[in-house]
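Trainee:
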Amino acid sequence: MISGRAPKGSLVSRAALAAACAVVLLANTNTAPSGLFPGGDARIAADDANWVTTGRSYDEQRFSPLSQIDDSNASRLGLAWYADLNMSRGEEATPLVVDGVMYVSTAWSVVRAFDATNGKPLWTFDPAVPRSQLVNACCDAVNRGVAWWRGRLYVGTLDGRLIAIDARTGKQAWSVQTTPRDLPYTITGAPRVIKGRVIIGNGGAELGARGFVTAYDAMSGRKVWRFYVVPGEPGKPDGEVSDPQMATARETWSGDAWWKQKAGGGNAWDAFAYDPELDLLYIGTGNGSPWNRMARSEGKGDNLYLSSIVAVRPETGEYVWHYQEVPGDEWDYTATQSIVLADLVIDGKKRKVLMQAPKNGFFYILDRETGKVISAEKYVPVNWASKIDLATGRPVENPEARYSELGKPFYGTPSSLGGHNWPPMAFSPRTGLVYIPTQELALPYVSDPAYKKAPLGYNTGNRLGASVPQLTSPLKEAKGYLMAWDPVNQREVWRAPRDTFGNGGILATAGNVVFQGTGTGFFKAVRATDGKELFSLWGQTGILAAPMTYMVRGKQYVAVLAGCGGVYGSACNLYGKDGRHANLDRVLVFALDGRAKLPDAPAAQAMVLDPPAVTANVATIAEGDRQYALRCAVCHGYRAVSTGNQPDLRYSPFIADPDNWRSVVLDGLLANAGMVSFSKVLDHDQAEAIRQYLIAKAQEQRARIKGEKGTKEQKGADEPVMHAS
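To convert a position in the sequence shown, counted from 1, into our numbering, add 635.
This is the structure:
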């Protein structure tokens, strides 16, 4: 159903007329093509001064030809202006700038417009996403950006809507529900607009969903085509353009578990790119649902089109080719990481290539006309496969990696967080290098023999966060770094170490400068050729989003969103020995000789640890541990250590009283704040077991703080265990 009315809760913070006038005035101050909203596709392909789509251009290179800020003067950068977003959640969007107006999407799918020269607010659009939808989000209430096309903005919402907004006024033009309301789908990725089609995917594979990509008419909101990523029930075509491919794909699946669970996965939640000459839209698809292939497909089959690059025609959705990076994925090795298109000279021949550094640890170069793999090499340590066989395009797997088939845990690297996750990489045609926000982590994969799909929460088929003392990590330590990669020769050129894993996306410019934020809150500029640091400023909270740059009135700016959260909450150090630090999410905008100053960061909020005595036996606490890992850890952190934005339940006053605890966990007392009732999956005894487990963990933490000798179980308990999509 398409609606043209603004939803309840939507607001405009400036009169529509005033906002429109502001846009008109600003339009004439830019170096962009004349006219208020000229063109659509052509402007996205060729606009230099503005940033009109999330990756700047259809090739998603995140490279800007602007060079006023260069490696000789980047040390003069300073804060030009900032704007508080007041969400206190993860911020992952890349802003757009069109004719002097900045458009930003924030957590909870809110869209805001600012004067791009000074940060003056123009309007705010709030789609009023119910906070209870947070339970369906794998990784926070984040949003990765909006699309612009001919005077309209397009945003996907956490509850699965696609909304068109008038860019001048902030008023809703139309809204359509893109996903089933009764299943745990979300939208966090940025739409793309190609040939008047708004392209949008979705997430949900961790919880149990079947992925698909849909194209809508940009002016009317009418559905044009839909392409499913994995097959549904045998013998029941979807009536969509993907039906022929689903018939083929079904032969690579076994049993009936995936479709009876209304799952299968493959959700295309982030990566798209487009080649106008070839007229091909490239889609990066996601992991299996559930992760565990034994629970999904009897441990058999490639399970098309999981973890694949799929090329289709953007106007019709017609399939052209695919390349599957991880056949039969069961490690959450998505192909949803940024797709970058470029023309490279390889073996003396100019090739049209597609590049990707997906989670699985291999850097791929594909022929983007045919989908044939040209080369693939490890860019981080990898132990699930030894290499990619270029003759077949398939990985040469380590047999021990098939944990579900063997029934034995596997300590894998990369972890489910990947060697590279959603923070976008960038490519500079000037240096010929790809700049990747890289990380090295290892985590165990452990099958859950008692797995049964639950109506609420994660459904991976695995025991996430399980301890495996019998296995040794293949890595000495977790680390993160910015890496420059030579794609032609498939080798590392330089790296810039970071304080932790989980760092921000990348911007490369013609000024020989690469920009990146870090999980610990620093915004940095480095020289593109050798990684030498040129500038650094502390932004007071983690910076995970990718920066962008634009020019207004002959002045170049660089902008980035700061806001700790998403899957990388624990990398941002919101919890310290002095208490909990505020998550000060903001738009930060820099320019040469900028003189704006951030206000002093507030002091950390003291956290009182005063748990009651443990009254449960060992068996009850063990059951609480199991239930906590299944139901609570995704938001509140593994081993009862918060990942950042959500409360650390060891410190919660609710664990002191069983009745108060049940009022929250079972009765939904805090549902309006996002903490829904878990009565569908927990009974009274299980809820009480979780409370007793948290009391035990709180007692351990108090003993640790006091310097008392901990038990063997306590050792390392404050080392968060993470996973993600």
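Note that beta-carbon positions come from the ideal geometry of N, C-alpha and C, so glycine has one too. Just so we're clear, the structure is a prediction, and the values are computed from it rather than from any experiment.
Between P1059 and I1009, which are expected to be in contact by the criterion C-beta below 8 angstroms, what is the C-beta distance as a whole number of angstroms?
Mentor: Rounded, the Cβ-Cβ distance is 22 angstroms, inconsistent with contact.
Trainee: Are the CB atoms of R592 and A728 nearer to each other than 8 angstroms?
Mentor: Residue coverage of the chain in this structure runs from 636 to 1360, which leaves residue 592 outside it and unanswerable.
Trainee: With which residues is L769 paired in a DSSP beta bridge?
Mentor: Answer by DSSP bridge pairing: none, since L769 is not bridged.
Trainee: Short of 8 angstroms in beta carbon distance, which residues of its chain neighbour E591, apart from the five on each side in sequence? Order them along the chain.
Mentor: No information on residue 591 is available, as it lies outside the stretch 636 to 1360 that the chain covers here.
Trainee: Is the Cβ-Cβ distance between G1263 and I1325 less than 8 angstroms?
Mentor: Sequence check: residue 1263 is Tyr here, not Gly. Their beta carbons are under 8 angstroms apart, which means Y1263 touches I1325 by this criterion.
Trainee: Mind checking which residues open and close the beta strand (DSSP E) that includes Y863?
Mentor: Its beta strand (DSSP E) spans residues K858 to Y863.
Trainee: Using C-beta distances below 7 angstroms, list every residue in its chain close to G1342, excluding the 5 sequence neighbours before and after it, in chain order.
Mentor: So no residue of the chain qualifies.
Trainee: DSSP three-state call for Y1273: helix, strand or coil?
Mentor: Helix.
Trainee: Inspect the beta-carbon positions of L714 and L1172 and report whether they are closer than 8 angstroms.
Mentor: Yes.
Trainee: Here's the rule: buried if 16 or more other CB atoms are within 10 angstroms of the residue's CB, otherwise exposed. What is Q1105?
Mentor: Exposed: under 16 other Cβ atoms inside 10 Å.
Trainee: Using a Cβ distance threshold of 8 angstroms, determine whether the stretch 1112-1131 contacts the stretch 1084-1096, with at least three qualifying pairs required.
Mentor: The stretch 1112-1131 vs the stretch 1084-1096: no contact.
Trainee: Taking the alpha carbon of N1018 as the reference point, which residue from Q880, S973, A1077 and A1011 has its own alpha carbon closest?
Mentor: Out of Q880, S973, A1077 and A1011, A1077 has the C-alpha closest to the C-alpha of N1018.
Trainee: Tell me where the alpha helix (DSSP H) around G1047 begins and ends.
Mentor: It is not in any alpha helix (DSSP H) - G1047 instead sits in the beta strand (DSSP E) that spans F1045 to G1047.
Trainee: Considering only residues of the same chain and omitting the five flanking positions on each side of V975, which have a CB-CB separation below 6 angstroms?
Mentor: The residues are E695, Q696, M990 and F1062.
Trainee: Please determine, among V1243, A1254 and Q1175, the residue with the shortest C-alpha to C-alpha distance to R1221.
Mentor: R1221 has its Cα closest to that of Q1175, out of V1243, A1254 and Q1175.
Trainee: Please look up how many angstroms separate the CB atoms of F907 and R787, rounded, as I've assumed it's under 8 angstroms.
Mentor: Not really, about 18 angstroms apart at Cβ, beyond 8 angstroms.
Trainee: Where does E912 land, buried or exposed, given buried means 16+ other C-beta within 10 angstroms?
Mentor: Exposed, since its Cβ has fewer than 16 Cβ neighbours within 10 Å.
Trainee: Short check: CB of R1285 to CB of Q1336, under 8 angstroms?
Mentor: Taking 8 angstroms as the Cβ cut-off, R1285 and Q1336 qualify as a contacting pair.
Trainee: Span of the alpha helix (DSSP H) holding W894?
Mentor: Per DSSP, W894 belongs to the alpha helix (DSSP H) from A892 to K895.
Trainee: Of the choices N708, R1162 and F1158, whose alpha-carbon is the least far from that of R1130?
Mentor: Closest by alpha carbon: R1162.
Trainee: Starting from W926, trace the beta strand (DSSP E) both ways and give me its first and last residue.
Mentor: W926 -> no beta strand (DSSP E), and no H or E assigned at all.
Trainee: Inspect the beta-carbon positions of P1182 and A1197 and report whether they are closer than 8 angstroms.
Mentor: No, they are not a contact pair.
Trainee: For G791 versus G1200, is the C-beta spacing smaller than 8 angstroms?
Mentor: It is not a contact, given that the beta carbons lie outside the stated cut-off.
Trainee: Measuring alpha carbon to alpha carbon, tell me which residue in C1270, A1275, T883 and A1036 is nearest D1260.
Mentor: Nearest C-alpha to D1260: A1275.
Trainee: Measuring only the C-alpha atoms, how far is N995 from A1143?
Mentor: Going from the Cα of N995 to the Cα of A1143 covers about 24 angstroms.
Trainee: With H, G and I counted as helix, E and B as strand and the rest as coil, what does DSSP make of F998?
Mentor: Three-state result, F998: strand.
Trainee: Is it the case that the Cβ atoms of T1048 and S699 are separated by a distance below 8 angstroms?
Mentor: In this structure, S699 does not lie closer than 8 angstroms to T1048 by Cβ.
Trainee: Which whole-angstrom value is the C-beta distance of G1139 and I704, which I expect to be below 8 angstroms?
Mentor: Going by Cβ atoms, the distance from G1139 to I704 rounds to 18 angstroms, so no, they are not a contact pair.
Trainee: My guess is that A853 and G831 are in contact by the Cβ rule of under 8 angstroms, so how many angstroms apart are they, rounded?
Mentor: Their Cβ separation, rounded to whole angstroms, is 5 angstroms, which keeps A853 and G831 in contact under 8 angstroms.
Trainee: Quick check on this structure: which residue in T688, Q1334 and Y940 has the alpha carbon closest to the alpha carbon of P1247?
Mentor: Cα-wise, what sits closest to P1247 is Q1334.
Trainee: Please report the straight-line C-alpha distance between T1135 and T1005, rounded to a whole angstrom.
Mentor: Those two C-alpha atoms are separated by around 38 angstroms.
Trainee: List the endpoints of the continuous beta strand (DSSP E) containing A799.
Mentor: Element bounds for A799: R796 to D801.
Trainee: Grouping DSSP H, G and I as helix and E and B as strand, with all else coil, what is Y1286?
Mentor: If DSSP states are grouped into helix, strand and coil, Y1286 belongs with the helices.
Trainee: With 16 other CB atoms within 10 Å as the buried threshold, where does D1167 fall?
Mentor: The residue asked about is misnamed: residue 1167 is Lys in this sequence, not Asp. Classification for K1167: exposed.
Trainee: Quick one: give me the first and last residue of the beta strand (DSSP E) that M881 is part of.
Mentor: M881 -> not in any beta strand (DSSP E); alpha helix (DSSP H) instead, spanning D878 to A884.
Trainee: Are the beta-carbon atoms of L916 and P949 separated by less than 8 angstroms?
Mentor: In contact: L916 and P949 (Cβ atoms closer than 8 angstroms).
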